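Report on one structure; see the data block that follows.
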Amino acid sequence: MLERDRYNGICRGNDSGYKKVKTIELKYGNTNTFYIEGDAGGLLVDTDYAGTLFAFYKAIKAAGIRVTDIKYVLATHYHPDHCGLVSELMQQGVQLLLPDVQKDGVHYSDAIFTRDGLSYTPIEEEKATVIPCAESRAFLAGLGIAGQIMHTPSHSPDSVSLALDNGDLFVGDLEPLEYIAAYEDNTQLKADWEQILAIHPKRICYAHRPTQMR
Ligand SMILES: [Zn+2]
Numbered sequence: 002m003l004e005r006d007r008y009n010g011i012c013r014g015n016d017s018g019y020k021k022v023k024t025i026e027l028k029y030g031n032t033n034t035f036y037i038e039g040d041a042g043g044l045l046v047d048t049d050y051a052g053t054l055f056a057f058y059k060a061i062k063a064a065g066i067r068v069t070d071i072k073y074v075l076a077t078h079y080h081p082d083h084c085g086l087v088s089e090l091m092q093q094g095v096q097l098l099l100p101d102v103q104k105d106g107v108h109y110s111d112a113i114f115t116r117d118g119l120s121y122t123p124i125e126e127e128k129a130t131v132i133p134c135a136e137s138r139a140f141l142a143g144l145g146i147a148g149q150i151m152h153t154p155s156h157s158p159d160s161v162s163l164a165l166d167n168g169d170l171f172v173g174d175l176e177p178l179e180y181i182a183a184y185e186d187n188t189q190l191k192a193d194w195e196q197i198l199a200i201h202p203k204r205i206c207y208a209h210r211p212t213q214m215r
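Using our numbering, the letters of the sequence shown map in sequence onto residues 2 to 215.
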């Protein structure tokens, strides 16, 4: 994220692009999470760890977002620092958008939260909206968001990236492009980036690194 874009802990993305889709960064713990404001509903990309709900509510309030504005939540993958609030948000009426490649990952963090002594309700995936990545463009269009979800499994088998047509790209924990040289044998990482670069992103938003402009 460019420093000039940062204020009050909230980062606002370009207003340019399809139907003025706006990206708001919400950081209330260790993970950069993002809210994408579509004309017909908001999409939250990632949550932080379980136990961060109070901090989350403070962050969305500061950003002028109500929980009822959030129609769907998408986790880039189901490591604990990305999906900890998904079940609580579902209880608040937010729907879970679950690409079918993530179905086996949904309960990955249950044992971790239990180990940490956190009160955590496992996700009820039968209530999720399950879509193949290939249908994500049509699905997102229904929210007024032009973009697509891509399966980018080098970080974990259930990892996905969200690419917006305005150039914003959300990659979760995908290793940065510059690290490819350090992963000579990681053909999957190379394949993930080839897939991503083919759509010419302008801003790469990582979960644990500063946003990169391209
Ligand atoms: Zn991860």
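The C-beta atom is built at its ideal place from N, Cα and C for all residues, glycine as well. No experiment lies behind these values; they were computed from the predicted model shown.
Assigned secondary structure, residue i (DSSP; H/G/I helix, E/B strand, else coil)
| i | result |
| --- | --- |
| E125 | coil |
| P81 | helix |
| S160 | coil |
| G141 | The identity of residue 141 in the sequence shown is Leu, whereas the question assumes Gly. Helix, per DSSP. |
| D101 | helix |
| V22 | coil |
| R204 | strand |
| G106 | helix |
| L54 | helix |
| D111 | helix |
| E176 | coil |
| I61 | helix |
| L170 | strand |
| I181 | helix |
| I146 | coil |
| Q213 | strand |
| L190 | helix |
| T69 | helix |
| C12 | Only weak support is given to the placement of C12: the predicted model assigns it a pLDDT of 38, under 50, and the value that follows is read from those uncertain coordinates. Here C12 sits in strand by DSSP. |
Contact test: residue i Cβ vs ligand 1 heavy atom, cutoff 6 Å
| i | result |
| --- | --- |
| H80 | yes |
| Q174 | According to the sequence as given, residue 174 is Asp; it is not Gln. Because some heavy atom of ligand 1 lies under 6 Å away, the Cβ of D174 counts as near it: yes. |
Selection from the options that minimises the alpha carbon distance to residue i
| i | options | result |
| --- | --- | --- |
| L144 | L27, N31, L45 and Y29 | L45 |
| I146 | K28, N167, A129 and F114 | N167 |
| S120 | T32, N31 and G52 | G52 |
| G42 | L54, T24, A56 and N33 | T24 |
| L141 | K72, G85 and F35 | K72 |
| L190 | H201, A199 and L178 | L178 |
* At least 3 beta-carbon pairs within less than 8 Å: the stretch 158-165 vs the stretch 76-91 -> With a cut-off of 8 Å, the stretch 76-91 and the stretch 158-165 count as touching, because enough Cβ pairs lie within range.
* Asked: With a cut-off of 8 Å, do at least 3 Cβ pairs link the stretch 43-57 to the stretch 85-100?
  -> Below 8 Å, enough C-beta pairs join the stretch 43-57 and the stretch 85-100 to call them touching: three or more.
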